[in-house]
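Novice:
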Amino acid sequence: MKRILVTGGSGFIGSHTSINLLQKDYEVVIVDSFINSSRFFYERIKNLAKRIDSNLLRRIILFEGDIRDKNLLEGIFRKSINEGKRIEGVIHFAGLKAVAESLKEPSKYWDFNFIGTFRLIEVMEKYECRTLIFSSSATVYGCSKDFLITESAIVNPINPYGHTKAAVENFLKNIYDSQPDKWRIACLRYFNPIGAHSTGMIGENPNGMPNNIFPFINQVAIGKIERLEIFGNDWETSDGTCIRDYIHVMDLAEGHILSLEFLFENECRFINLNLGTGIGTSVLELVNIFQEVNKVKVPFIYTDRRVGDVARIVADNGFALSILNWKPTKTINEMCKDGWKWQQVKG
Ligand code: NAD
Ligand code: UFG
């Protein structure tokens, strides 16, 4: 049974991936500072694990702290070695992700996203753990005009958040190139993860005002926010609203497990992989589907375009499909249904 370190494992994608890891017989060591989650949410992850199988609880452990703290990271790796169970791989989610905030506070983003990864790599190298999955983002493609974006599209981010992700990808490539017979690294470029675990016990739980569309729709539907602002209806798309590639967070979680297994089972390598469905949905379609499947109202108005948005971002996911034998299975209806269930459970 392999032990995996999950940085940011109490966050949205990390929590769903951790549950999936436990169900696939991994041991999960989470490190999280709770800057965008909470101990309470971590308890929810444990409750879900317990509900699935109480034995899973023995295989999950939390270290509360910041990955930029090298002593903390070293302590985690050392403790594992002392227990005779070294950490064999890392899934690195911990980072900040709010585009608008990154424009106002770029230094903070370089610190959390770049320095955080830098410290992690230093410690992984020291403890000879050289298998890494990194949470990258489709944001690295910037304003790509490609109908479906492949991994070979130009990397050209347009905001500080995107620059930190692209810089980390480059840094990791340098690390791999320095010892290509030792490192196994996959940078997973997520498109737009939404939805929640089908039990409704965990989901996206941002601290403060949401930044992304889905938690916003949820909070409007439950009455916490009066109405949704749709950023522009004059885009060059069929209904004038932006098109994105929404992917169910459980399909994304599965993509992580398969990527990890792919790295473990194959020769050392460095890969960039798009994780999306390849299907585009407009903002208006998303809102309408959400209202329809959940039988709730989501009042909205059209406002000006948001700075930095692009009309359409949809993945060519062919590479992931072929090398991982992965296939996203959940429809946009299921994403809306599961995401709303979580909001109702959470209140
Ligand atoms: P999230 O904010 O829900 O989860 C991140 C977790 O990391 C949080 O629990 C937070 O408390 C923790 N964290 C942040 N900085 C930390 C630090 N220095 N030390 C320890 N813990 C720290 O975000 P998410 O949606 O789960 O995203 C996970 C990763 O995926 C991020 O790196 C994000 O940039 C990337 N990503 C997310 C999306 C998306 O739309 N959700 C899209 C593309 C890429
Ligand atoms: N949108 C609205 N109103 C809102 C919020 C969003 O109309 O209140 C629209 C946006 O204009 C965009 C779409 O909904 O057209 C999706 O917006 P999100 O903010 O949810 O997501 P983005 O596509 O802008 O970016 C997200 C993540 C990034 C990631 C990127 C990958 O925030 O971290 O997906 O495609 F890099």
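Residue numbering for the sequence shown follows the working numbering, beginning at 1023 and increasing consecutively.
Heads up, the beta-carbon is just placed ideally off N, CA and C, and yes, glycines get one too.
1. Mind checking methionine 1357: buried by the 16 CB within 10 Å criterion, or exposed?
2. With distances taken Cα to Cα, identify the nearest neighbour of leucine 1043 among Ile1026, Asp1054, Arg1108.
3. Take isoleucine 1393 as the anchor and find which of Phe1169, Gly1164, Glu1173 has the nearest alpha-carbon.
4. Ends of the beta strand (DSSP E) at leucine 1027?
5. Can you tell me where the beta strand (DSSP E) with serine 1158 in it begins and where it stops?
6. For tyrosine 1324, write down the residues that DSSP places opposite it in a beta bridge.
7. From Val1315, Leu1306, Ala1337, pick the residue whose C-alpha is nearest to that of isoleucine 1323; which is it?
8. Comparing the CB of lysine 1195 with every heavy atom of ligand 3, is any distance shorter than 7 Å?
9. Out of Glu1289, Gly1225, Glu1314, Arg1327, state which residue places its alpha-carbon closest to the alpha-carbon of lysine 1363.
10. How big is the Cα-Cα spacing for arginine 1371 and tyrosine 1212?
11. Ignore the nearest five residues each way along the sequence and tell me which others in lysine 1068's own chain have a CB closer than 8 Å to its CB.
12. So which of Gly1277, Ala1160, Lys1187 has the shortest CA-CA distance to alanine 1175?
13. If you reduce the DSSP assignment to three classes, tell me which class threonine 1172 lands in.
14. Any contact between the segment 1098–1110 and the segment 1047–1054? By contact I mean 3 or more CB pairs, one from each, below 8 Å.
15. Going straight from the alpha carbon of serine 1076 to that of leucine 1084, what length do you get?
16. I'd like the span of the alpha helix (DSSP H) that includes asparagine 1316, first residue to last.
Specialist: Result, derived from the coordinates:
1. By 1-based counting over the sequence shown, the position of residue 1357 is 335. Answer is buried; the Cβ neighbour count reaches 16.
2. For the purposes of this step, residue 1043 is identified with residue 21 of the sequence shown, where counting begins at 1. When only C-alpha atoms are compared, the closest one is Ile1026.
3. The structure shown does not extend to residue 1393, since the chain is modelled only from 1023 to 1369, so the question has no answer here.
4. Against the sequence shown, residue 1027 aligns to sequence position 5. Counting along the chain, the beta strand (DSSP E) containing leucine 1027 begins and ends at 1025–1029.
5. Counting from 1 along the sequence shown, the entry for residue 1158 is found at position 136. 1153–1159 is the span of the beta strand (DSSP E), which, as asked, contains serine 1158.
6. For the purposes of this step, residue 1324 is taken as residue 302 along the sequence shown, with counting starting at 1. Ile1252.
7. Mapped onto the sequence shown, residue 1323 falls at position 301. Measuring from the Cα of isoleucine 1323, the nearest candidate turns out to be Leu1306.
8. Of the ligands one can find in the structure shown, namely ligand 1 and ligand 2, none is ligand 3.
9. Start at 1 with the first residue of the sequence shown, and residue 1363 comes out as number 341. For lysine 1363, the nearest C-alpha among the options comes from Gly1225.
10. The chain is shown only over 1023 to 1369; residue 1371 falls outside these bounds and no answer can be derived.
11. Locating residue 1068 in the sequence shown gives position 46, where the first residue counts as 1. Contacts found: Leu1079, Ile1082.
12. What you label residue 1175 is simply residue 153 of the sequence shown in a count that begins at 1. Looking at the Cα atoms, Ala1160 is the closest of the given residues.
13. Here residue 1172 is taken as the residue at index 150 of the sequence shown, counted from 1. Threonine 1172 falls in the coil class under three-state DSSP.
14. yes
15. Along the sequence shown, read from residue 1 onward, the residue named residue 1076 stands at position 54. Along the sequence shown, read from residue 1 onward, the residue named residue 1084 stands at position 62. Roughly 17 Å separates the two Cα atoms.
16. Counting from one through the sequence shown, the residue named residue 1316 turns up at place 294. 1305–1316 is the extent of the alpha helix (DSSP H) around asparagine 1316.
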